[in-house]
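Those protein sequences? They're chains A and B, same order as listed. Start counting the first sequence at 1; every next residue gets the next number (the numbering used here). Start counting the second sequence at 1001; every next residue gets the next number (the numbering used here). Where is the CB? At the ideal position from N, CA and C, for every residue including glycine.
Number of protein chains: 2
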Amino acid sequence: MNKISDGTLVSTRIRLARNIEGMPFPGHLKDEKQAKEIIRLVSSGLNRLDDFKLYYMDSISEWDAESLVGNHLISPNLIAKKRMSAALINEDSSLSVMINEEDHLREQCIVKGLQLRRAYDKISEIDSKIGKKIKFSYDEQLGYLTACPTNLGTGLRASVMLYLPAMTINGLMREVIRLLSKQGLTVRGVYGEGSEAEGYMYQISNEVTLGVTEEDIIDQVDKTARKITELECTERRNLINGVNSLAVKDKCKRAYGVVTNCARLTSGELVSLAADIKLGACLGYINIDDVYYIDDIVTKMQPYNINKAAGKNLSAEERDIYRADYAGSHIKALCDRENSN
Amino acid sequence: MNKISDGTLVSTRIRLARNIEGMPFPGHLKDEKQAKEIIRLVSSGLNRLDDFKLYYMDSISEWDAESLVGNHLISPNLIAKKRMSAALINEDSSLSVMINEEDHLREQCIVKGLQLRRAYDKISEIDSKIGKKIKFSYDEQLGYLTACPTNLGTGLRASVMLYLPAMTINGLMREVIRLLSKQGLTVRGVYGEGSEAEGYMYQISNEVTLGVTEEDIIDQVDKTARKITELECTERRNLINGVNSLAVKDKCKRAYGVVTNCARLTSGELVSLAADIKLGACLGYINIDDVYYIDDIVTKMQPYNINKAAGKNLSAEERDIYRADYAGSHIKALCDRENSN
């Protein structure tokens, strides 16, 4: 395994937008009754599959809602109109179908690493099953019809989440974003509110859905993700050999020192410190092999997941203490495990 | 041993100012020849004691000068007029005699902890020995005559270095300094350039030298140091039980994490981080028993001592790397030793 590239390809997401023929788009539904009829129709297509569970948005707790949004299984938009909407989610949370979001159906598959084809196959299987029960709005010329024209045609959005610390530190992301935009690809920072991506995380996805095949889209995103990974590896080598290598090494090692010793830790700090620890591991400054496990720890310690991890409701201060303890001991264990090998 | 008070009483310094009868004060010497004559006179009184070494200020290297000043064995003032001045320093550097600083003789003893009486006895022994060879300027009414009237009488300055993190954090130092000033005592921050004492270090000393006995001075400084230590202990308990205890614990533990993991470290950072590590040890948050040893590490890693510790001349960057490595591994070893007990 080429350690220098570790952690770059974080996850893959495929999303399909579908609507039911003869039904007004969710934004134009007559009443709640019509909305519930759609929910019934869609879920009946999947109900036979044991591992999907139906969540009515008006009957889930605020905490469940927060957790589902945080883990990207539903959108905040779905909750905003909760008396009309629902979601089908499978057991391992890799598959979800939002009902009555912007479109009648938003089918999604999330998997780890770069697996666009696999994710597409998985969600297509669900799409076919539902398609046997429901007739989707489809036009021979245009393809799948969607509420917003940006999704017309394939209704497909293929996204890859990338961890790009070296390209960020070396100031290349602005140029990369500009170049990808010319090729019809969008780049978004993942955690941050501002323009700077927190945790060096970026999501790359196709902008164009019309006039191209599903194959074209998946191919383009896949090739781009691989190309960017190569660029990131080059920049990581440049970091190791560059004039700022000591500063980078110092920053990474301090991040490890802080996370493994602190008495309290906010989720924002953990995102940013974990990003530096992962970089330290990739560059060989910190002896941790499984950098993806650090992502799992960070996700588990997010505000929308931490109560579940703790098995009880924690106050804000208790969360910061629990997070410091959990993240610190688990990341330290990763390092100790390597050191004892 | 009462751990809560650990580290408070850092060191004791006794200084005597003396001048030679019939000689103009150093600021009024005729020429270098007269200055050298004084150096000869003074050192002849101590030459028989094996463990004193004479350093002419105009013949020591810049580095030795820096090291002697840094370790408080001579003053920058002594180097400023190096063609006229010298210093006698004993082997363990506990005793030093500056020759032709502001006065003909500035005799000093520095020892660890609070040992005013012992330090006074040690320097008095040297003073007597020199006094057998040289007649000091002495007035029956005034006592010892000195170049500056602030030293007239006893010529004695008794100082104690105190580490006062809790009183500093709880904002009590301003009031303490005001009260001590009313009692004729001066308080100075030790490292910092500004008004804030770096490393929570303060030096307390007598301002009055005239119209009091040596006993009075030593008694007053000793009682004050003990009283302040009690106050500091109370404030440390308040820190543990106060609303900011988690913040304090977090700060101390992070300081430990940074020092034991960083790849480079400036001396200023080490002073400040070590101060927090010591506090964490005193409050029971970090498992280190011998906090005084941390002071030794910090001193060793100061710019004026680090080349000696490394055994070679280091560039600025090399120093920061060496300091990170040395301080980190030694402080970690202190903690590991305790954890394995």
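Check: Taking the C-alpha atoms as reference points, what is the distance between cysteine 370 of chain A and arginine 226 of chain A?
Finding: There is no way to answer for residue 370 of chain A, as the model of chain A reaches only from 1 to 341.
Check: CA-CA distance, isoleucine 286 of chain A and isoleucine 1004 of chain B?
Finding: 35 Å
Next item on the list: State the CB to CB distance for the pair alanine 263 of chain A and lysine 1249 of chain B, rounded to an integer number of angstroms; the pair is presumed to be in contact (CB under 8 Å).
Entry: 4 Å
Next item on the list: May I have a chain-ordered list of the beta strand (DSSP E) segments no shorter than 3 residues that lie completely inside the segment 161-185 of chain A?
Entry: none
Check: Count the other CB atoms within 10 Å of the CB of arginine 18 of chain A; is the residue buried (16 or more) or exposed (fewer)?
Finding: buried
Note to self: Given this structure, state the Cα-to-Cα distance separating proline 26 of chain A from lysine 36 of chain A, to the nearest angstrom.
What the structure shows: 11 Å
Item checked: 7 Å Cβ cutoff met for isoleucine 1277 of chain B and leucine 1334 of chain B -> no
Next item on the list: Leaving out five residues on either side along the sequence, give the residues of the same chain with a beta carbon under 8 Å from the beta carbon of leucine 1142 of chain B.
Entry: Leu1152, Gly1153, Leu1210
Next item on the list: Can you tell me which of A/Ile14, A/Ser329, A/Gln302 puts its alpha carbon nearest to the alpha carbon of arginine 157 of chain A?
Entry: A/Ile14
Item checked: DSSP-derived helix/strand/coil call for glycine 257 of chain A -> helix
Next item on the list: Report all residues from its chain with a CB closer than 8 Å to the CB of glutamine 115 of chain A; omit the five preceding and five following residues, and keep chain order.
Entry: Thr12
Margin query: Measuring only the C-alpha atoms, how far is glutamine 1203 of chain B from methionine 1161 of chain B?
Written below: 4 Å
Notebook entry, point to check: In terms of residues, what are the limits of the beta strand (DSSP E) holding asparagine 100 of chain A?
Noted result: It is not in any beta strand (DSSP E) - asparagine 100 of chain A carries neither H nor E in the DSSP assignment.
Item checked: alanine 119 of chain A beta carbon less than 7 Å from that of isoleucine 99 of chain A -> no
Item checked: Where leucine 1246 of chain B meets chain A, residues with beta-carbon distance less than 9 Å -> Ala263, Arg264, Glu317, Asp320, Ile321
Check: Do you know whose CA, among A/Arg337, A/Gly328, A/Gly280, A/Leu265, lies nearest alanine 316 of chain A's CA?
Finding: A/Leu265
Item checked: Where the alpha helix (DSSP H) containing lysine 53 of chain A begins and where it ends -> No alpha helix (DSSP H) contains lysine 53 of chain A, which is instead part of the beta strand (DSSP E) from 52-56.
Next item on the list: Drop a sphere of 10 angstroms on the beta-carbon of threonine 1224 of chain B, count the other beta-carbons inside from all chains shown, and report buried for 16 or more, exposed for fewer.
Entry: buried
Note to self: Mapping the DSSP letters down to three states, classify asparagine 19 of chain A as helix, strand or coil.
What the structure shows: coil
Note to self: Tell me the rounded alpha-carbon separation between cysteine 1282 of chain B and lysine 1133 of chain B.
What the structure shows: 48 Å
Note to self: Can you give me the C-alpha to C-alpha distance between glutamate 107 of chain A and arginine 40 of chain A, rounded to a whole angstrom?
What the structure shows: 16 Å
Next item on the list: Starting from the Cα of leucine 16 of chain A, find the closest Cα among A/Lys112, A/Ser159, A/Ser59 and give me that residue.
Entry: A/Ser159
Margin query: Quick check on this structure: which residue in A/Glu235, A/Glu62, A/Ile177 has the alpha carbon closest to the alpha carbon of asparagine 170 of chain A?
Written below: A/Glu235
Next item on the list: Ignore the nearest five residues each way along the sequence and tell me which others in isoleucine 1217 of chain B's own chain have a CB closer than 8 Å to its CB.
Entry: Thr1154, Leu1156, Ala1158, Asn1206, Val1208, Thr1209
Note to self: Counting only Cβ pairs nearer than 9 Å, list the residues of chain A close to tyrosine 1256 of chain B.
What the structure shows: Gly257, Asn261
Notebook entry, point to check: So is glycine 328 of chain A buried or exposed if we call it buried at 16+ other beta carbons inside 10 Å?
Noted result: buried
Note to self: Between which two residues does the alpha helix (DSSP H) holding serine 1267 of chain B run?
What the structure shows: 1267-1282
Check: Could one say the Cβ of aspartate 139 of chain A lies closer than 7 Å to chain B's Cβ atoms, at least one of them?
Finding: no
Item checked: the segment 1049-1069 of chain B: positions lying closer than 8 Å to chain A by Cβ -> none
Next item on the list: For the segment 89-103 of chain A and the segment 54-74 of chain A, state whether three or more C-beta atom pairs, one from each stretch, are separated by less than 8 Å.
Entry: yes
Check: Which residues of chain A have a Cβ atom closer than 7 Å to the Cβ of lysine 1249 of chain B, listed in chain order?
Finding: Ala263
Check: For a contact meaning CB atoms closer than 8 Å, what does lysine 253 of chain A contact in chain B?
Finding: Asn1261, Cys1262, Ala1263
Item checked: Bridge partners - phenylalanine 1136 of chain B, DSSP secondary structure assignment -> B/Ile1020
Check: Taking the beta strand (DSSP E) that isoleucine 1089 of chain B falls in, what are its first and last residues?
Finding: 1086-1090
Item checked: Straight-line Cα distance separating leucine 231 of chain A from aspartate 222 of chain A -> 14 Å
Margin query: What does the Cβ neighbour count give for glutamine 1183 of chain B, buried or exposed, with the cut at 16 atoms within 10 Å?
Written below: exposed
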